[in-house]
Amino acid sequence: VTNFLRKVRPRLAIFLCGSYGGVYSHVIKKCKGMGIVTAEFQHGYVGKSHLAYNYSLKGEEYSSYLPDYYLTYGQYWRDQLTRFPNQTVVIGNPELKFQLSERQNMTSRDEVLIVSQGTVTSRLVELTKELRKKLPNKITIVYRLHPGEVPFEERYNSLYSIDGIIVDKNSNIFDLIKRSKAVVGFNSTTLFEALPFRKPIYVMKDSASDAYIPKEVGKRFSSANELADLILSNSVDHHDDDWKYYWELDWEPRFKDFLSMIGLK
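In terms of this note's numbering, the sequence shown opens at residue 2 and continues consecutively.
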């Protein structure tokens with residue numbers, strides 16, 4: 002790695018999952034020793050319950066293995082990183098900006114999107130089966146797998162044989178959000194991503210989901226019966242601009258400002 006860095010001599014190195022430790026931490030420390038600025042772009046959920054960003058150690062030695070800058074999607078995520086020892090900067094979300102610009106092409110279907118999560122797959126699979134029995138046949142349930150769940154087919158293959166349930170492994174998540182009539186999940190970032198599209202959001206109530214998803218996002222449910230009633234009521238309880246606390250769209254000037262701040266423009 003050292004030889005590669007000496008040959009390329011980058012002025013800025015951006016890491017995916019740079020705060021996750023392992024080999025990343027050693028490369029980051031080498032970059033810093035060579036005067037290379039390091040940064041990490043947000044790629045999913047970050048918060049006070051995410052272990053990668055909430056270690057108790059805050060000393061100089063610890064921070065030297067973490068990126069100099071963490072670039073967030075919006076102010077909410079920056080506010081969550083109070084224990085991150087280095088600097089956080091709000092940049093925004095280019096993909097969400099693009100997807101919202103395509104909003105006029107969105108057509109809703111009679112589909113309910115259930116976003117799975119590897120830590121609670123069995124619970125969500127059982128919920129999906131029960132919900133199927135309680136919704137009208139005209140409503141299709143799309144069970145979207147987390148990428149990390151896809152190889153473990155034995156966890157969800159019982160859904161294949163049930164009419165009215167589609168197991169989705171790799172569709173664009175924004176396409177699924179746009180065409181759904183409701184979004185259901187546990188603690189996925191997709192629940193936040195559904196906010197700008199004015200979709201009803203329903204969160205399976207649990208101490209873990211309460212820790213990850215603020216009470217202002219969506220409505221909680223504890224059973225398939227409750228969820229079916231919520232879906233059929235089709236209510237949306239957030240205001241038009243609530244999502245802007247979570248998602249900054251004006252990312253281009255913000256990224257240029259960041260480059261200027263670190264002396265690259």
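The C-beta atom is built at its ideal place from N, Cα and C for all residues, glycine as well.
Expressed to the nearest angstrom, what Euclidean distance is found between the alpha-carbon atoms of Leu114 and Leu97? In the sequence shown, counting from the first residue as 1, residue 114 sits at position 113. In the sequence shown, counting from the first residue as 1, residue 97 sits at position 96. For Leu114 and Leu97, the distance between alpha carbons rounds to 18 Å.
Consult DSSP for Arg124 and reduce its assignment to one of helix, strand or coil. As a first step, residue 124 is located in the sequence shown; it is residue number 123 there, counting from the start. It is helical.
Less than 8 Å between the C-beta atoms of Tyr203 and Leu177, yes or no? The residue you call residue 203 lines up with position 202 of the sequence shown. The residue you call residue 177 lines up with position 176 of the sequence shown. No.
Suppose contacts are defined by Cβ-Cβ distances below 8 Å. Is Ile142 in contact with Arg133 by that definition? As a position in the sequence shown, residue 142 is number 141, starting the count at 1. As a position in the sequence shown, residue 133 is number 132, starting the count at 1. Cβ atoms of Ile142 and Arg133: closer than 8 Å.
Identify, in the order they occur along the chain, each residue of the same chain with its Cβ nearer than 8 Å to the Cβ of Thr122, setting aside the five sequence neighbours on each side. Numbered from its first residue, the sequence shown carries residue 122 at position 121. Within the same chain, Thr122 has close Cβ partners Glu150, Phe153, Arg156, Tyr157.
According to the Cβ coordinates, are Ile37 and Phe16 closer than 8 Å? The sequence position of residue 37 within the sequence shown is 36, counting from 1. The sequence position of residue 16 within the sequence shown is 15, counting from 1. The answer is no: Cβ separation not under 8 Å.
Report the three-state DSSP secondary structure of Phe153 (helix, strand or coil). Taking the sequence shown and counting its residues from 1, the one referred to as residue 153 is at position 152. Residue state, collapsed to three classes: coil.
For my contact list, Val126 and Arg145 are in at a C-beta cut-off of 8 Å; report their separation, rounded to the angstrom. Along the sequence shown, one-based indexing puts residue 126 at 125. Along the sequence shown, one-based indexing puts residue 145 at 144. Wrong, their Cβ atoms sit about 12 Å apart, outside the cutoff.
Please say whether Lys130 and Ile163 have beta carbons closer to each other than 8 Å? The sequence position of residue 163 within the sequence shown is 162, counting from 1. The sequence position of residue 130 within the sequence shown is 129, counting from 1. It is a contact, given that the beta carbons lie within the stated cut-off.
Quick one, are the C-beta atoms of Trp78 and Gln100 less than 8 Å apart? Within the sequence shown, numbered from 1, the residue matching residue 78 stands at position 77. Within the sequence shown, numbered from 1, the residue matching residue 100 stands at position 99. Contact: no.
Give the range of the alpha helix (DSSP H) segment to which Lys8 is assigned. Here the question's residue 8 lines up with position 7 in the sequence shown. Its alpha helix (DSSP H) spans residues 3–9.
Between Gly264 and the rest of its own chain, which residues show a CB-CB distance below 6 Å, the 5 nearest in sequence each way excluded? Taking the first residue of the sequence shown as position 1, residue 264 is located at position 263. Closer than 6 Å at Cβ, skipping near neighbours: no residue.
With 16 as the cutoff for other CB atoms within 10 Å, does Leu128 come out buried or exposed? As a working mapping, residue 128 is identified with position 127 in the sequence shown. Classification of Leu128: buried, given that the 10 Å Cβ count is 16 or more.
For Asp69, which residues of its own chain have a beta-carbon under 6 Å away from its beta-carbon, when the five flanking residues on both sides are left out? Start at 1 with the first residue of the sequence shown, and residue 69 comes out as number 68. Counting only Cβ-Cβ distances below 6 Å, and skipping sequence neighbours, we find Val38, Thr39, Asn87.
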